[in-house]
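Undergrad: Residue numbers (my numbering): 4 to 350. Quick one: the structure is below, and I'll ask about it shortly.
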Ligand code: PEP
Ligand code: MN
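Quick look at the structure:
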């Protein structure tokens, strides 16, 4: 269908083009006439000869509107294309160019489980050990974590392997204690909008790994990051971990596009959690690959010595062998990512 929208002519008589004569073309009048037509700058459609039923805005105005949704998070937005925050924790730089992998069990269970996992993920290339001591479980009957005992085991694993530690803090009152043992404090998906927790965690001075709420928009995530920064802590790592949608084939829908958006608008490092997005270990390597291609600065992945016996999230946890294979398979993708200039904006 051309020239009409719902039976209405797009090219009204008032916009009809003048007849072009051979003489005017030869003598340049036609060319001159085109130059006189204003460029498309919020005008009336004169340059295209079309009359739109809605008021038209220029590309710049439309683009400006898109960015306005992030305006409540001014301190985490880029001020120039190469403006980026490098978060340093336990001798590791996140967001500084090198791809960083955090790996470990969903929950800290036993010394043996944690130590075995720490050594094996380190050997496969992970730089940060994850493990929950305080677990936000959907069921009150499920394992809630070892608490302080778990934190002590994490600190032991750091002392033995040199890995930095990331672990979740669930309550504001626990923030100083968790910060004593951890290099990075994780704010879980369920806590992204717990502002008292954001404040307490921020004020410990430890870097914050801020997971996207499962029903949070990218703008919501950035607003929570802004809260942390506003409390005087600029060291925030954003994490895409999947969101709730109508799709049921994965535990959550992995929003790989959010990584692209965050890398474009925010200066903060962005990592991906393919484990909690997938909910199934077979899907984890594919999601991890897509995160690398999207420009993520790193991954956080669940790994367990015997996933079928894990006390939490075993279905999505990789075995040591699977983790090693995934890391090896990711290497060429990481090399490609390093060769690309993700600081460039296409806007
Ligand atoms: C976790 O990392 O084990 C966890 C509970 O993550 P999320 O907050 O993303 O569900
Ligand atoms: Mn988990």
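Built from N, CA and C at the ideal position, the CB exists for glycine as well.
Give a yes or no on whether the C-beta atoms belonging to residue 186 and residue 172 are separated by under 8 Å.
TA: The sequence position of residue 186 within the chain shown is 183, counting from 1. The sequence position of residue 172 within the chain shown is 169, counting from 1. Not a contact, by the Cβ cut-off of 8 Å.
Undergrad: Would you kindly work out how many angstroms separate the C-alpha atoms of residue 343 and residue 278, rounded to a whole number?
TA: Numbered from 1 along the chain shown, position 340 holds the residue referred to as residue 343. Numbered from 1 along the chain shown, position 275 holds the residue referred to as residue 278. Their backbone Cα atoms lie some 26 Å apart in a straight line.
Undergrad: Does ligand 1 have a heavy atom nearer than 7 Å to the CB of residue 143?
TA: Taking the first residue of the chain shown as 1, we reach residue 143 at position 140. Because no heavy atom of ligand 1 lies under 7 Å away, the Cβ of residue 143 does not count as near it: no.
Undergrad: I need the DSSP call for residue 250, collapsed to helix, strand or coil.
TA: The sequence position of residue 250 within the chain shown is 247, counting from 1. Correct three-state label for residue 250: coil.
Undergrad: Excluding the five sequence neighbours on either side, which residues of its own chain have a C-beta within less than 7 Å of the C-beta of residue 95, listed in chain order?
TA: To locate residue 95, count along the chain shown from 1; it is residue 92. So the qualifying residues of the chain are 103, 130, 131, 167.
Undergrad: What separation, rounded to the nearest whole angstrom, lies between the Cα atoms of residue 225 and residue 162?
TA: Position 222 of the chain shown, counting from 1, holds the residue named residue 225. Position 159 of the chain shown, counting from 1, holds the residue named residue 162. C-alpha separation (whole angstroms): 34 Å.
Undergrad: Can you check which of these residues, 70, 84, 312, 58, is closest to residue 270 by C-alpha distance?
TA: Indexing the chain shown from 1 puts residue 270 at position 267. With distances taken between Cα atoms, residue 270 lies closest to 84.
Undergrad: If you measure between the beta carbons of residue 120 and residue 308, is that distance less than 8 Å?
TA: As a working note, residue 120 is residue 117 in the chain shown. As a working note, residue 308 is residue 305 in the chain shown. Closer than 8 Å, so yes.
Undergrad: Give a yes or no on contact between the stretch 107 to 116 and the stretch 148 to 163, applying the rule of three or more CB pairs nearer than 8 Å.
TA: Enough Cβ pairs lie closer than 8 Å, so yes.
Undergrad: Taking all protein chains shown into account, decide if residue 320 is buried (16 or more other Cβ within 10 angstroms of its Cβ) or exposed.
TA: As a working note, residue 320 is residue 317 in the chain shown. Looking at its Cβ environment, which holds 16 or more other Cβ atoms inside 10 Å, residue 320 is buried.
Undergrad: Go ahead and label residue 57 buried or exposed: buried means 16 or more other beta carbons lie within 10 angstroms of its beta carbon, across all protein chains shown.
TA: Here residue 57 refers to the residue found at position 54 of the chain shown. It is exposed - the Cβ of residue 57 has fewer than 16 other Cβ atoms within 10 Å.
Undergrad: Can you tell me whether residue 109 is helix, strand or coil according to DSSP?
TA: Along the chain shown, read from residue 1 onward, the residue named residue 109 stands at position 106. Reduced to three states, the DSSP call for residue 109 is coil.
Undergrad: Considering residue 189, what are the terminal residues of the beta strand (DSSP E) in which it resides?
TA: Within the chain shown, numbered from 1, the residue matching residue 189 stands at position 186. Per DSSP, residue 189 belongs to the beta strand (DSSP E) from 187 to 190.
Undergrad: Looking at residue 87 and ligand 1, is the gap between the Cβ and the nearest heavy atom below 7 Å?
TA: Working through the chain shown from its first residue, we reach residue 87 at position 84. Not under cutoff, so the answer is no.
Undergrad: What residues are listed by DSSP as bridge partners for residue 133?
TA: Locating residue 133 in the chain shown gives position 130, counting from the first residue. According to DSSP, residue 133 bridges with 169.
Undergrad: If you follow the alpha helix (DSSP H) that residue 155 is part of, which residue opens it and which one closes it?
TA: By one-based count along the chain shown, residue 155 stands at place 152. Residue 155 -> alpha helix (DSSP H) spans 151 to 164.
Undergrad: Check the C-beta distance from residue 311 over to residue 273 and give it rounded, since I have them as a contact under 8 Å.
TA: Sequence index remark: in the chain shown, residue 311 carries index 308 (1-based). Sequence index remark: in the chain shown, residue 273 carries index 270 (1-based). Rounded, the Cβ-Cβ distance is 32 Å, inconsistent with contact.
Undergrad: Report the partner residues of residue 239 according to the DSSP bridge assignment.
TA: Here residue 239 corresponds to residue number 236 of the chain shown, with the count starting at 1. 211, per the DSSP bridge assignment.
Undergrad: With 16 as the cutoff for other CB atoms within 10 Å, does residue 69 come out buried or exposed?
TA: For the purposes of this step, residue 69 is taken as the residue at position 66 of the chain shown. So residue 69 ends up on the exposed side.
Undergrad: For residue 313, which residues of its own chain have a beta-carbon under 8 Å away from its beta-carbon, when the five flanking residues on both sides are left out?
TA: Here residue 313 is taken as the residue at index 310 of the chain shown, counted from 1. Correct list, in chain order: 108, 109, 110, 112, 307, 320.
Undergrad: Hey, out of 296, 212, 252, 164, whose CA is closest to residue 263's CA?
TA: Along the chain shown, one-based indexing puts residue 263 at 260. When each option's Cα is compared against that of residue 263, the closest is 296.
Undergrad: In whole angstroms, what is the alpha-carbon distance linking residue 331 and residue 59?
TA: Mapped onto the chain shown, residue 331 falls at position 328. Mapped onto the chain shown, residue 59 falls at position 56. Rounded to whole angstroms, residue 331 to residue 59 spans 51 Å at the Cα level.
Undergrad: Using a Cβ-Cβ cut-off of 7 Å (strictly less than) and excluding sequence neighbours within five positions of residue 268, which residues of its own chain qualify?
TA: Numbered from 1 along the chain shown, position 265 holds the residue referred to as residue 268. Correct list, in chain order: 70, 73, 80, 81.
Undergrad: With the cut-off set at 8 Å, would you say residue 203 and residue 235 are in Cβ contact?
TA: One-based indexing of the chain shown puts residue 203 at position 200. One-based indexing of the chain shown puts residue 235 at position 232. In this structure, residue 235 does not lie closer than 8 Å to residue 203 by Cβ.
Undergrad: What number of angstroms, rounded off, separates the C-alpha of residue 250 from the C-alpha of residue 302?
TA: Your numbering for residue 250 matches position 247 in the chain shown. Your numbering for residue 302 matches position 299 in the chain shown. In a straight line, the C-alpha of residue 250 is about 23 Å away from that of residue 302.
Undergrad: Spell out the partners DSSP gives residue 274 in its beta bridges.
TA: Mapped onto the chain shown, residue 274 falls at position 271. Answer is 242, 301, bridged to residue 274.
Undergrad: Could you please give me the residues that DSSP links to residue 80 through a beta bridge?
TA: Within the chain shown, residue 80 is the residue found at index 77, counting from 1. Paired residues: 269.
Undergrad: Any idea what DSSP makes of residue 140, helix, strand or coil?
TA: Position 137 of the chain shown, counted from the first residue, corresponds to residue 140. DSSP places residue 140 in coil when its eight states are reduced to three.
Undergrad: Do residue 115 and ligand 1 come close, with the Cβ less than 7 Å from some heavy atom?
TA: Taking the chain shown and counting its residues from 1, the one referred to as residue 115 is at position 112. No, Cβ of residue 115 sits at least 7 Å from all heavy atoms of ligand 1.
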